[in-house]
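The numbering of the sequence shown is the working numbering, which starts it at 143 and goes up by one.
Virtual Cβ for every residue (Gly too), placed ideally from N, Cα, C.
From a predicted model like this one, the values you see are computed outputs, not experimental measurements.
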Amino acid sequence: ALIGSRAYLVDQADQIDPAWLGGAKRVGVTAGASAPEVLVRNVVDRLAGDDHSRLEELDGAEENVTFALPRELQS
């Protein structure tokens with residue numbers, strides 16, 4: 143991404159304003175681990191909905207992280 147690239151935070155696909163895409167050659171989508179896959183897929187589907195788009199899915203970084211259960215919840 144270039145310095146100064148536009149970015150928008152959305153929770154649902156219907157929050158995307160088509161005007162945001164004006165002049166864009168590429169659009170990237172990122173999501174945190176807690177984002178439901180169905181919501182991410184809906185955003186991608188909305189962005190790829192026009193006839194002249196090409197979807198390219200990139201692999202993210204492989205993470206092998208585990209978190210211990212808090213003591214208060216351990217039995």
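**OP:** Go through its chain and collect everything with a Cβ distance to A166's Cβ below 7 Å, but skip five positions before and after it.
**Re:** none
**OP:** Measure the C-alpha to C-alpha separation of V114 and L215 and round it to an integer number of angstroms.
**Re:** The chain is shown only over 143 to 217; residue 114 falls outside these bounds and no answer can be derived.
Original post:
Which one of D187, A177, W162 and L163 has the shortest CA to CA distance from E199?
Top reply: D187
**OP:** Assign L215 to one of three DSSP states: helix, strand, or coil.
**Re:** helix
Original post:
Would DSSP call D187 helix, strand or coil?
Top reply: helix
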